[in-house]
Amino acid sequence: MEIIAQLDKVSYLYPSSSDLVLKNISLEIRKGEFLGIIGPTGAGKTTLCLTLNGIVPQFYGGRFFGYATVAGLDTLSYPVSTFARYVGAVFEDPENQLLATSVENEIAFTLENLKVPREEIIARIPRVLAAVRLEGMEKKQPSELSGGQKQRLAIAAALAVQPALLILDEPTSQLDPVGSKEVFATIKELNRSLGITIVMVSHAAEEMAENADRIAILREGMIEKIGTPAEIYSQVEYLEQNALRPPQVAQTFALIARERISTGKIPVTLKEGLALLEPLKSYYRPSSLESTSYSSPTSPLISVKNLSHTYLSGTKALENVSLDIHSGEYLLIIGQNGAGKSTLVKHFLNLLSSTKGQVFIEGRPIENLSVSDLSRSIGYVAQNPDNQIFNITVEKEVSFALTNLGYPVKVVEERTSESLAAMGLLESRHLHPLSLSKGDRARVVIAAILAMEPKIIVFDEPTTGQDYQGAKAILEVTRQLHQMGKTIIVITHHLYLMPEYAQRVIIMGQGTILLDAPIRSAYHEIDLLSKTYLTPPQAVLISEDLAKLSGHRSDLLTPNEIASCFNYAIF
Amino acid sequence: MQSFNWQTVERDSFFTRLDFRTKLTIMIVITLIAFTWESPIAGGMLTFLVALSSLLVGVKVNYLATILKFMLPFQLILLIIMGFFNIEQVKHLTGKTELTTLLMIGNSKMSVEGTLYGLNIIFKTLTMVFIVPLVIFTTDLNKMIVSLTKARVPYKIVFIFSSTLRLFPLLAAESKGIIDAQRLRGLAIERMGWLKKARVYATIAVPLILNAMSKSQKLDLVLQSKAFSGDPNRTFLHESVLKFTDYLIMFCFVVLLLVVIVLYFWLGVGKFPWLIY
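So the protein lines, in turn, are chains A and B.
Using my numbering, you'd call the opening residue of the first sequence number 26 and step up by one each time.
Using my numbering, you'd call the opening residue of the second sequence number 889 and step up by one each time.
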């Protein structure tokens, strides 16, 4: 098979670093293949991608060893602009890669730089927009597009150059499930119909297993394993040991196999997994798992009565929403972008005023309280912790709110130390918050909120942009806070992460509450979830299939729960 | 979600179809005329005409009202200073030895002539401020970029200008997010005085600058991958062609400027005492 890109014993050292980021990498990328790259944070995935368009080392400098060729051209011998003709690149954050003021200008930008004649640019724009299903949006501003549309626009812009190789670095990590699906479908279609070679870095194990031809595992700058998705993702134990998440279907079957039940092979796609269930049904003994109940004491902490909100633009974001949240609950709010999740939560914080209806916190109408008054009752952790950091030491950051609220110095010191200790940050108290890792920065913000001793803490998309390990670490903090008696509200698109934590789920769609139920039943409302463009975790879909096969419903949520229903010993 | 966007007029008019270079010429000529005229009557008429033109081409009344509201305190200060303290200049301009008293506070006199001169300066500033939305908001940003490049403005500068316009709404939204984050940490900004508020706004600079730096690093990377070199000989999707109407209007405005200058020096049209003294 023809080779489009080749790395031969490539090692690389960034100018400011003392450790090699890439170590002796040899890799052949075949023309027309879809190569997935996975690995923990800091493994060198982005650097590897940037090597393929010459940006490493030409833009960054540093020390580069070995040879890298793309389309037969040595990446050291030609300028980066030459590689822009052969290699398209799409990065993680759609906001940071769209430069122009209209969709058509975004597509034209690289072509203009490459001095492609105007007539040719005009001819290519509708073609690439059609390829990513954004026809008719030429004149729109990128800011008017949804997350998925923005990322598809970035792909269209890369595609306009007619590249032989398309590199995508975490293109779906900032997107909701709909956006993510749109991007994967588009990429696969481009790969299949136009034969464009794809190199994609992603943590989305289920989608990578479905779409990639080969998967390479990068760890500490080295390619540790490379093979088909079936070869890679079936090594569940190895992946887990290396902080990588296998698809849930593979995890489920690996756990069943550990019960000494022969599954034949470890499937990595849902389709394969469901096909393997039939022969296993005789081992299946569903146990009745109880829904994790949540307490309903007499008066709710937050009470929402017939709440509606219409933005100045005329967009109806909430319509007649009523809801009670009680002390000690762990609540999950889900729904596609624009469903009204953030708008609802902003009413809890008084950051938005209702068009109709009321919100009560501990029985008090929220309109009588200022945002700063409310901060004593309810804390808010934003998706990007960096936007909530504005002090020069971790300690000052944590004591910031207490000083604002006028507590005596002694109380400020005591509470600051307690919060720092609770978040494991005592040793970092004199460091600049921004010198810490992203996960620790999130902990600083949580510690700062914790110091105010709020009864409720809201986490808005806490796992977005995090790898599996980072996401789990933050969710463990939410568990810790919940165990401390706090009421936790989490907004997330990552449904597969939540069964171990959340008790109750609010499914939102088009500004209304579509369902308010315990997590066990909510996750099994497959039709309802699909109405709001959410896909339940694979374990839920396997459980549904098992229910059909066995005739017993047990609403299982996780691979562990499913595996626990398979028992070899009873035969 | 609310978002901040660059404002453009929705109405398609004769003015929106003009080339940006023609509009720039209009802006320069009007600004020079506003600078030249000292008469509050002439200046007032010019301000009125520019404001009316802005409204006719589709600039929103609210926008002009916001500008006026923002400028009001400065204008009042200007009027008071001119009324009370601009004595020698207005004596010279009117040829009077004694000024007409409008108001007396203690021993200080506010003169009619000084106040009228203050009005003239207010009209000058308003004309210059109102002409900007008339020119900018009626031009598609893409055409503005091509037009500026054709006017021999270096492409790198034009690119920085257009990127700023693109990034400005993002930074504005980020600033609001940071202020909200501080309010959520007990900062009662609504109960603060102006000075304290200013100090709070200063603190948002740290995360904002750090975010902007991180954004610019990512932008650098994106630009590299998109073959950006700042070469002015790149091609352009949009065209900027000066039509006959553009040339005609540019010619008319240059002639207008010459006529204004001749009439100013020959007949005193637009001088401070014109139609008053």
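Think of the CB as a built atom: it goes at the ideal place given N, C-alpha and C, for glycine as much as any other residue.
Taking a C-beta cut-off of 7 Å against chain A, none of the residues of the segment 971-982 of chain B qualify. Each residue's CA atom was taken as its position, placing Asn78 of chain A and Gln187 of chain A some 14 Å apart. Counting C-beta pairs closer than 8 Å gives fewer than three between the segment 84-100 of chain A and the segment 122-139 of chain A, which falls short of the contact rule.
When C-alpha distances from Ile474 of chain A are compared across A:Ser352, A:Ser462, A:Ser442, A:Ala542, the shortest belongs to A:Ser442. Counting only residues of its own chain and dropping the five nearest sequence neighbours on each side, Leu981 of chain B has a CB closer than 6 Å to the CB of Phe1160. A residue is called buried when at least 16 other Cβ atoms come within 10 angstroms of its Cβ; Asn121 of chain A meets this threshold and is buried. DSSP places Ala467 of chain A in the helix class (H, G or I) of the three-state scheme. In this structure, DSSP gives Lys341 of chain A an extended state, which the three-state scheme calls strand. The DSSP-derived three-state label of Gly173 of chain A is helix. For secondary structure counted as the beta strand (DSSP E) over 3 or more consecutive residues, the segment 448-520 of chain A holds these complete runs in sequence order: 481-485, 512-516. Checking the DSSP bridge columns, you'll see Glu235 of chain A has no partner listed.
Of the candidates A:Ala342, A:Ser397, A:Ile417, the residue whose Cα lies closest to the Cα of Lys381 of chain A is A:Ala342. At a cut-off of 9 Å between beta-carbon atoms, Asp1068 of chain B makes contact with chain A.
Here Gln408 of chain A carries a coil assignment [DSSP, helix/strand/coil]. The beta carbon of Leu123 of chain A lies closer than 7 Å to those of Glu131, Pro167, Lys175, Leu178, Ala179 in the same chain, with the five residues before and after it left out.
Fewer than three Cβ pairs drawn from the segment 450-459 of chain A and the segment 496-505 of chain A lie within less than 8 Å of each other, which leaves the two stretches out of contact.
Within its own chain, the residues whose Cβ lies closer than 7 Å to the Cβ of Thr126 of chain A, once the five positions on either side in sequence are excluded, are Gln166, listed in chain order. Taking the beta carbon of Asn1008 of chain B as reference, no residue of chain A falls within 8 Å; the closest one sits roughly 38 Å away. Per DSSP, His351 of chain A has no beta bridge partner at all. Counting the other CB atoms within 10 Å of its CB gives Lys70 of chain A a total of 16 or more, which places it among the buried residues. Where Val112 of chain A is concerned, there is no enclosing alpha helix (DSSP H), although the beta strand (DSSP E) around it starts and stops at 112-115. Of the candidates A:Ser352, A:Pro272, A:Asn592, A:Ser333, A:Ser333 places its Cα closest to the Cα of Thr368 of chain A. Using a C-beta cut-off of 8 Å, the segment 939-947 of chain B makes contact with the segment 896-903 of chain B, since at least three inter-stretch Cβ pairs fall below that distance. Taking a contact as a CB-CB distance under 8 Å, the pair Val565 of chain A and Leu540 of chain A does not count as one, their CB atoms being some 14 Å apart. Using a Cβ distance threshold of 9 Å, Pro311 of chain A and Ala547 of chain A do not count as a contacting pair. Taking 3 residues as the shortest admissible run, the segment 180-268 of chain A contains the following complete beta strand (DSSP E) segments, listed from N- to C-terminal end: 190-194, 222-226, 239-244, 247-252. Rounded to whole angstroms, the gap between the alpha carbons of Asp465 of chain A and Phe1056 of chain B is 29 Å. Residue state for Ile63 of chain A is assigned as strand, using DSSP reduced to three classes. Residue state for Arg545 of chain A is assigned as helix, using DSSP reduced to three classes. Those residues of the segment 450-484 of chain A placed with their C-beta closer than 8 Å to a C-beta in chain B are Leu459, Ala473, Ile474, Met477, ordered along the chain. Within chain B, no C-beta atom comes nearer than 9 Å to that of Gln199 of chain A; the closest sits roughly 13 Å away. Residue-level contact by beta carbon holds for Asp411 of chain A and chain B, with a gap shorter than 9 Å. Note that the C-beta distance between Ile386 of chain A and Ala241 of chain A is not below 9 Å. Legend: CB atoms of the segment 1026-1054 of chain B lying less than 9 Å from CB atoms of chain A belong to residues Asp1028, Leu1029, Asn1030, Ile1033, Phe1047, Ser1050, Ser1051, Leu1053, Arg1054. The continuous stretches of alpha helix (DSSP H) do not include Ala1115 of chain B, and DSSP gives it neither H nor E.
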